[in-house]
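Protein sequence lines correspond, in order, to chains A and B. Residues 1 to 251, numbered by the numbering used here, are exactly what the first sequence covers, in order. Residues 252 to 578, numbered by the numbering used here, are exactly what the second sequence covers, in order. Reviewing the structure listed below.
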Amino acid sequence: MIGAAKSGHPGGSLSAVEILVTLFFDFMRHDPANPAWPDRDRFILSKGHAAPVLYAVLAEAGYTPKPALMSLRKLGSPYQGHPDKRFIPALEASTGSLGVGLSVGLGLALAARLNHRPWRTYVVLGDGEIQEGQIWEAAMFGAFHKVDNLVAIVDYNKIQLDGFVSDIMEIAPVAAKWSAFGWHTIELDGHDLSALRAAFAEAEATKGRPTVIVAHTIKGKGVSFMENNPKFHGTAPTPAEVQAALQELQA
Amino acid sequence: MTPVRPKFELKPGKATREAFGKALAELGRENPDVVVCDADLSKSTFTALFAKEFPERFFSCGIAEANMVSIGAGLASAGKTAFVSSFSAFVLNKGFEQLRVTVAYPRVNLKIVGTHSGISIGEDGPSQMSVEDLSLACSLAGFVVLSPADEVATEALVRAAAAYDGPVFLRCGRVKAPLIYSPGETFSIGGSRELIGGSEITIAATGLLVAEAIRAAETLEAEGVSARVLDLYSIKPLDQEAIVRAARETGAIVVAEEHLVDSGLGVRVAQAVARTHPCVMEFVGIQDTYAESGTPEELLDKYGLVARDVAAACRRALTRKRGAGLQ
Numbered sequence: 001m002i003g004a005a006k007s008g009h010p011g012g013s014l015s016a017v018e019i020l021v022t023l024f025f026d027f028m029r030h031d032p033a034n035p036a037w038p039d040r041d042r043f044i045l046s047k048g049h050a051a052p053v054l055y056a057v058l059a060e061a062g063y064t065p066k067p068a069l070m071s072l073r074k075l076g077s078p079y080q081g082h083p084d085k086r087f088i089p090a091l092e093a094s095t096g097s098l099g100v101g102l103s104v105g106l107g108l109a110l111a112a113r114l115n116h117r118p119w120r121t122y123v124v125l126g127d128g129e130i131q132e133g134q135i136w137e138a139a140m141f142g143a144f145h146k147v148d149n150l151v152a153i154v155d156y157n158k159i160q161l162d163g164f165v166s167d168i169m170e171i172a173p174v175a176a177k178w179s180a181f182g183w184h185t186i187e188l189d190g191h192d193l194s195a196l197r198a199a200f201a202e203a204e205a206t207k208g209r210p211t212v213i214v215a216h217t218i219k220g221k222g223v224s225f226m227e228n229n230p231k232f233h234g235t236a237p238t239p240a241e242v243q244a245a246l247q248e249l250q251a
Numbered sequence: 252m253t254p255v256r257p258k259f260e261l262k263p264g265k266a267t268r269e270a271f272g273k274a275l276a277e278l279g280r281e282n283p284d285v286v287v288c289d290a291d292l293s294k295s296t297f298t299a300l301f302a303k304e305f306p307e308r309f310f311s312c313g314i315a316e317a318n319m320v321s322i323g324a325g326l327a328s329a330g331k332t333a334f335v336s337s338f339s340a341f342v343l344n345k346g347f348e349q350l351r352v353t354v355a356y357p358r359v360n361l362k363i364v365g366t367h368s369g370i371s372i373g374e375d376g377p378s379q380m381s382v383e384d385l386s387l388a389c390s391l392a393g394f395v396v397l398s399p400a401d402e403v404a405t406e407a408l409v410r411a412a413a414a415y416d417g418p419v420f421l422r423c424g425r426v427k428a429p430l431i432y433s434p435g436e437t438f439s440i441g442g443s444r445e446l447i448g449g450s451e452i453t454i455a456a457t458g459l460l461v462a463e464a465i466r467a468a469e470t471l472e473a474e475g476v477s478a479r480v481l482d483l484y485s486i487k488p489l490d491q492e493a494i495v496r497a498a499r500e501t502g503a504i505v506v507a508e509e510h511l512v513d514s515g516l517g518v519r520v521a522q523a524v525a526r527t528h529p530c531v532m533e534f535v536g537i538q539d540t541y542a543e544s545g546t547p548e549e550l551l552d553k554y555g556l557v558a559r560d561v562a563a564a565c566r567r568a569l570t571r572k573r574g575a576g577l578q
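Right, dumping it as structure tokens:
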């Protein structure tokens, strides 16, 4: 997909695969045949640059056409450079400018509470993204208003565009920060499907405060030459790299 | 000398912010889906009236305008009739990125009400004064931008905003605004009101400057000049038809606003005039500067936003019009 587009963000897409797969194929209540189902769980990819993983999941689930995946980033494609709800109505928010998705998710979650509906809201954040001040405005808000029907997942892959997060702007200790802001905090291996499932269940059982899952992940997970390599934050693989990557992923 | 026959008796009125708060509480009684967010200024924006009656539908966001705008976007996306409110200077400047990417770009049905607009907030000074909000709001693609002149117009436009499906910015002020309209008068998005009929020049004004325009028209009438007064309360979309008619029928337009003169209503009216029926134009507004502390009256006077300044601009326009043989 990204190879065909000749631009995009492979590393942060691969780090979030298990998070999205667990949500869309195991945990969230949703119906691809009825995308506007009022009681569907809501999902927001706040780290919008990881659009390719979201598009792959949406297509696999049946929300969007699979063959068109290769039109990523091309004029007229539903698969815009960053998620755009004008092109994919099943999206809950258009994202791409970092830092805004958690607030939108909290607004959605408040609406569910006001309407006495059971649906829940899930927001995936990048680790670099939580350098944005608005994230902490939202964190304060979520705890203060006891928004316990929302789960934030931090894809903590340790790398951002310019390099390692710890070299650009240290965010550690991540879990302690969220705890201090009043969130129920779970730390786990973000590639462990059963741990993810258990964490989402724990979040659902947690009342009176929102939950954050700090998911330790590997940028470029599954492709040896992309793993932990800052180059593949925002660089498309060459055709040869695409072949090598697909071979590794299919092995 | 022709006797002065004012078409409008300007009566004392409420501040538009207070009218907004009152209308919002009324809407809350009528519609259980109305929700409100405020950023620690609810006593000043008058959303406190709503908060008192409907605490479960009011969300205190603390001093965090960016978050507030996106929270509102989420509430609106889930079907709520959501209002967010703060001073114009804060909600638009601190929330601008959020207005762009979480409201305008996905075209979310959020209502943003900015109070304490313009320099007439007075003593608090320039950090709190919004002189660029019309420009910022109009630059958001798909936004409706409204600027009522008095309490009647404010209440009607709050209702029009709530009934409209799409993002709206509504501009309110801090000080008491002269009462211009009678209860029950109608206002619509994209509309305008002709307050005084006239044939030689048109004063197109918005907000507090509408009352000044009426006073200026009376002065001009005493000088034998027939001035039309238009209240352009819908900044975006503009009432193109009323503007073109004014250009064609009066041949001169003065635009008056409590906003930076180079980026507000005036440039929008000039664009409409330039592409339809070019005519002589003059502009009354805040020059390329920030104001200072003072009483509202002192500031409006010092920064050239009173009837005297509107009338002077009209005389300049009329001189140019006559000189150009356009009479």
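Quick reminder that beta carbons are idealized off the backbone N, C-alpha and C, glycines included. Keep in mind it's a predicted model, so treat the numbers as computed, not measured.
Residue i and residue j: beta carbons closer than 8 Å?
i, j, result
"A/H9", "A/H233", "yes"
"A/I19", "A/V165", "no"
"B/F301", "B/V287", "yes"
"B/T453", "B/R479", "yes"
"B/E509", "B/L460", "yes"
"A/G101", "A/S46", "yes"
"A/M70", "A/A4", "yes"
"B/E533", "B/A568", "yes"
"B/S386", "B/S443", "no"
"A/N228", "A/I171", "no"
"B/E451", "B/S433", "no"
"B/L502", "B/K572", "The displayed chain sequence assigns Gly, not Leu, to residue 502 of chain B. Contact: yes."
"B/A464", "B/V561", "yes"
Roughly how many angstroms separate the alpha carbons of residue i and residue j, rounded to a whole number?
i, j, result
"A/R40", "A/G62", "15 Å"
"B/S311", "B/V342", "14 Å"
"B/F305", "B/G279", "8 Å"
"A/D31", "B/V335", "32 Å"
"A/S7", "B/L550", "54 Å"
"B/E316", "B/G346", "6 Å"
"B/V255", "B/G369", "Residue confidence for B/V255 is low, a pLDDT of 44 falling below 50, so the modelled location carries little weight and cannot support an answer."
"B/G330", "B/D284", "8 Å"
"B/K262", "A/P35", "54 Å"
"A/V57", "A/F24", "7 Å"
"A/V21", "B/I363", "37 Å"
"A/K85", "B/A564", "47 Å"
"A/T95", "B/G555", "43 Å"
"B/T527", "B/L489", "14 Å"
"A/A318", "A/A201", "Because chain A here runs from 1 to 251, residue 318 of chain A falls outside it and cannot be looked at."
"A/R120", "A/G48", "20 Å"
"B/L397", "B/L326", "22 Å"
"B/S381", "B/A340", "4 Å"
"A/S97", "B/V352", "7 Å"
"B/M252", "B/A558", "Here B/M252 scores only 43 on pLDDT, less than 50, and its place in the model should not be relied on; the value that follows carries that caveat. If I take the Cα positions, the gap works out to 20 Å."
"B/A276", "B/H367", "19 Å"
"A/E187", "B/G545", "55 Å"
"A/M226", "A/E129", "20 Å"
"A/E92", "A/T211", "20 Å"
Which residues in chain B have a C-beta closer than 8 Å to the C-beta of residue i? List them in chain order.
i, result
"A/E92", "S328"
"A/H145", "F310"
"A/L108", "G325, L326, S328, A329"
May I ask you to list the residues that DSSP assigns as paired with residue i?
i, result
"A/T121", "A/R42, A/L150"
"A/S94", "DSSP lists no partner for A/S94."
"B/L397", "B/L421, B/S485"
"B/R479", "B/T453"
List, in order along the chain, the chain A residues whose C-beta lies closer than 7 Å to that of residue i?
i, result
"B/C312", "F141"
Since residue i meets chain B, which of its residues come closer than 7 Å, beta carbon to beta carbon?
i, result
"A/G105", "G325"
"A/E137", "A315, A317, N318"
"A/V100", "S321, Q349, V352, T353"
"A/S97", "E348, V352"
What span of residues does the alpha helix (DSSP H) with residue i cover, start to end?
i, result
"A/G11", "10 to 14"
"B/V524", "516 to 525"
Do residue i and the ligand ADP come close, with the Cβ less than 7 Å from some heavy atom?
i, result
"B/V524", "The model on display carries no ligand, and the ligand ADP is accordingly not part of it."
How is the beta strand (DSSP E) around residue i delimited, first residue to last?
i, result
"B/L430", "First-last for B/L430: undefined, no H or E at that position."
"A/E137", "Taken as a continuous stretch (DSSP letters only), A/E137 belongs to no beta strand (DSSP E), being part of the alpha helix (DSSP H) at 133 to 144."
"A/V100", "Looking at the DSSP string, A/V100 is not in any beta strand (DSSP E), and its letter there is neither H nor E."
"A/D189", "184 to 189"
"B/K362", "361 to 366"
"B/G441", "Looking at the DSSP string, B/G441 is not in any beta strand (DSSP E), and its letter there is neither H nor E."
Given that residue i touches chain B, what residues does it touch there, using C-beta distances under 9 Å?
i, result
"A/Q257", "As displayed, chain A neither begins before 1 nor continues past 251, which places residue 257 of chain A out of reach and without an answer."
"A/R86", "Y356, P357, R358"
Would you mind telling me which residues of chain A sit closer than 9 Å to residue i, beta carbon to beta carbon, in chain order?
i, result
"B/R308", "L114"
Could you tell me which chain A residues have their CB closer than 8 Å to the CB of residue i, listed as they occur along the chain?
i, result
"B/K331", "A111, L114"
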